[in-house]
Structure formats: structure tokens, C-alpha cells
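First comes the structure, then the notes that go with it.
Protein chains: 2
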Amino acid sequence: MARKYIDNPNACTLVHTMNIIGNKWKPIIIYLLSNGPLRFGMLNTLMPTISKKVLTNQLKELESDGLLLRKSFAEIPPRVEYSLTERASGLLPVLKQLSDWANDTYPEIDFEECRIIDSNKKQKNSVD
Amino acid sequence: MARKYIDNPNACTLVHTMNIIGNKWKPIIIYLLSNGPLRFGMLNTLMPTISKKVLTNQLKELESDGLLLRKSFAEIPPRVEYSLTERASGLLPVLKQLSDWANDTYPEIDFEECRIIDSNKKQKNSVD
DNA sequence: GCCATCGGTTACTTTTTGGTTACCACTAAT
DNA sequence: ATTAGTGGTAACCAAAAAGTAACCGATGGC
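Sequences listed follow chains A and B, in order. So in numbering that gives the first Met the number 0, spot 111 of the first sequence is number 110, and the numbers just go up one at a time. So in numbering that gives the first Met the number 0, spot 10 of the second sequence is number 9, and the numbers just go up one at a time.
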């Protein structure tokens with residue numbers, strides 16, 4: 000009685016998956032990298048509302064979970080390219096399905112563009 | 000220039016999906032309900048480390064996102080049953096795939112049981 | 001000499017999320 | 001009269017995540 004854990008393997012793998020990709024930025028990063036490697040700066044441009052600190056952090060975590068490869072070139076100014084590993088590629092179809100699911104399930108929502116700024120609070124200016 | 004949003008539809012639906020289910024508890028709740036309705040207390044028993052406050056919160060959010068149905072019986076003591084909606088059922092196969100992905104991708108990890116207690120910090124006793 | 005570039009890091013603050021404890025309403029059983 | 005059982009809520013607090021702004025090092029160009 001009074002167990003302090005969940006002993007259902009399926010739930011556990013879900014927990015694990017969510018620990019890895021279940022946050023605000025990681026699925027987007029993986030998605031953006033699905034067409035090939037991108038540099039740090041380009042990722043930052045494509046996700047204009049993520050801060051460099053957080054981007055660095057997410058990239059590090061994804062790398063240490065084996066989903067990203069970081070390739071640093073010995074140039075000045077520096078160049079660093081991030082690409083998906085095999086592990087991450089296996090995730091792409093599932094991410095696609097998650098995306099399709101939202102599209103089908105919430106037809107009332109327009110997904111043409113999304114402001115990454117917290118959507119629950121009003122924002123001053125979204126475009127300059 | 001200086002856009003403050005992401006204009007990639009696929010990324011946006013992903014963001015939306017993750018806003019809905021991408022956290023610590025919600026996929027587990029959905030998973031646990033996949034075999035039929037459960038009462039509040041039973042959910043709490045199955046997830047012994049979630050607090051009632053947070054459980055209440057997650058259930059409310061899932062309900063307002065149209066994934067859960069809350070059925071309250073006029074009895075004393077009260078009885079409330081939660082069940083999945085159609086929307087949520089459509090998510091089940093995808094959750095299954097996420098779970099399978101982790102299983103296949105991280106063969107070194109044993110998913111037999113997972114302590115839901117924050118895994119980064121040491122814990123006193125996991126079983127009483 | 002001075003500025004720009006790129007991919008960060010550091011220190012600090014704010015926001016979000018999660019957790020703890022106490023409490024409630026209502027009834028039946030003791 | 002008290003206690004147990006259920007599904008919560010309220011006030012308060014701690015921890016984690018995210019954001020901000022300033023800075024760095026090496027080099028090339030002016």
C-alpha cells in the first residue's frame with residue numbers, strides 16, 4: 000500500500016519521453032532541424048522569442064539525450080552546426096502525428112502563425 | 000525583420016499540442032483513463048506522488064481543452080468520474096507511439112517502474 | 001585603435017509550476 | 001457527539017524554468 004511510484008511500463012516510457020521532449024521548445028527545435036543542420040544563429044532567428052540562454056540550454060539537453068549532434072568548426076567567427084541523430088529521426092513521424100492530431104482536433108484554431116510569446120497574456124507589439 | 004512569432008504551421012500545431020499535453024502529468028492521466036473512467040480518488044491512488052491540488056488543476060485544464068469529461072454524481076459522499084472524450088481517444092495511438100519510441104530508442108533504460116518523484120533529486124523512501 | 005561577427009556564459013530577476021497544510025460540506029455509522 | 005469518507009478549495013511557500021542585459025575571445029576589416 001501507499002506506493003510512491005507508478006509501475007506501469009507504458010506510463011513510465013511516456014514519462015521518460017515527456018521528460019525529453021515535453022516542453023515548450025524542444026519539439027520545435029527538432030522539427031526545424033528535420034530538413035538538415037542549422038547553425039545556432041539560424042535557430043535563434045527561426046525562433047525569435049527564445050532567449051540565447053534558453054536555446055543553449057535546450058540544445059545541450061537534447062545533445063546529452065542523444066537527439067542532437069553538435070559540430071563546431073574551428074573558424075573565427077565561430078560556426079556551430081546542429082543536426083538530428085538517428086534517435087531523433089525516429090521521433091519525426093510521431094511529431095508529425097501530434098501536429099496532425101492538433102490540426103484535426105482543433106479545426107477552430109488557425110495555425111498559420113503562432114506567437115511564441117505566452118498566449119494567455121496580452122502582448123504589446125508582436126511585429127515591429 | 001525582428002519577427003516575434005514563428006510562422007511555420009507545423010511548428011505551431013506542435014506548440015499547441017505540447018501546451019495541451021506536454022507536461023509531467025497529463026499524458027499519464029490520459030493513459031490511465033484509456034481503459035475506462037476513473038474516480039478522482041482512484042487517479043490519486045494511481046499517481047501517489049501528485050498532490051490533490053495539482054491533480055485538480057490538471058483535470059480542469061484537460062477538461063477545458065476538451066480531452067476529459069467530468070461526471071459528478073449527486074451522492075454523499077461525492078462521486079466524480081473522469082473519462083476521455085473522442086478528442087483524447089485520437090491521441091491514444093500517438094501516445095502509444097511515443098512510448099514505443101522511448102522503449103526502442105533507449106534500450107539501456109529499464110521502464111519496469113518509474114518513480115514519479117522528481118528523478119533528479121535523491122529520495123528518502125520510495126516504498127513504505 | 002575600434003568596431004562587428006558568432007556562439008556562447010554569467011549574474012540576476014521574474015514567471016510558472018508544483019507542493020504542503022489546513023479546511024469545508026454533507027451524510028452515515030459508531 | 002464524533003468520526004470517516006469524498007472531492008475538492010485557499011493560503012502560503014519552494015523550486016524550476018525562463019527571461020534580461022551585460023560581457024567575452026579571436027579575428028578581419030576599416
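Beta carbons: idealized from backbone N, C-alpha and C, even for Gly. None of the values given here were measured: they were computed from a predicted structure.
Endpoints, the beta strand (DSSP E) within which residue i is located
i	result
A:K70	67 to 72
A:L83	78 to 83
Own chain residues within Cβ distance below 8 Å of residue i, not counting five before or after
i	result
B:T12	none
Interface flag, residue i vs chain B, CB-CB below 8 Å
i	result
A:R2	Residue placement at A:R2 is poorly supported in this model, since its pLDDT is 45, which falls under 50; the coordinates are not used for a value here.
A:S50	no
A:F110	yes
A:V53	no
A:K59	no
A:S63	no
A:L94	yes
A:G21	yes
A:L13	yes
A:A101	yes
Pair within 8 Å by beta-carbon distance, residue i and residue j
i	j	result
B:T84	B:G65	yes
B:L97	B:Y30	no
B:T104	A:G89	yes
A:Y81	A:L67	yes
C-beta neighbour in chain A for residue i, strict 8 Å
i	result
B:R86	yes
B:G89	yes
B:Y30	yes
B:G35	no
B:V79	no
B:S82	no
B:P26	yes
B:R17	In the sequence under discussion, the amino acid at residue 17 of chain B is Met, which differs from the Arg named in the question. By this cut-off, B:M17 is an interface position.
B:L97	yes
B:A73	no
Unbroken alpha helix (DSSP H) run spanning residue i, endpoints
i	result
B:T44	39 to 45
B:T48	Per DSSP, B:T48 belongs to no alpha helix (DSSP H) and is neither H nor E.
A:W100	91 to 104
A:L27	Residue identity check: residue 27 of chain A is Ile in the sequence provided, not Leu. Start and end: 25 to 31.
For residue j and residue i, the rounded distance between their alpha carbons
i	j	result
B:H15	B:I49	24 Å
B:D127	B:M46	Note that B:D127 scores a pLDDT of 27, beneath 50, so its modelled location is shaky; the value from the coordinates is reported in the next line. Distance between the alpha carbons of B:D127 and B:M46: 15 Å.
A:M17	A:R86	15 Å
B:F110	B:D99	11 Å
B:L37	A:F72	55 Å
A:K70	A:L32	14 Å
B:Q57	A:N9	20 Å
B:K52	B:S63	17 Å
B:N102	B:L42	25 Å
B:K23	A:L54	21 Å
A:P106	A:K59	35 Å
B:E74	B:I108	45 Å
Residues of its chain near residue i, where Cβ-Cβ distance is below 7 Å and the 5 sequence neighbours each way are ignored
i	result
B:P76	none
A:L61	K25, I28, L67
B:N7	none
Cut-off 6 Å between Cβ atoms - residues of its own chain near residue i, not counting five sequence neighbours on either side
i	result
B:F39	V79
A:I20	P26
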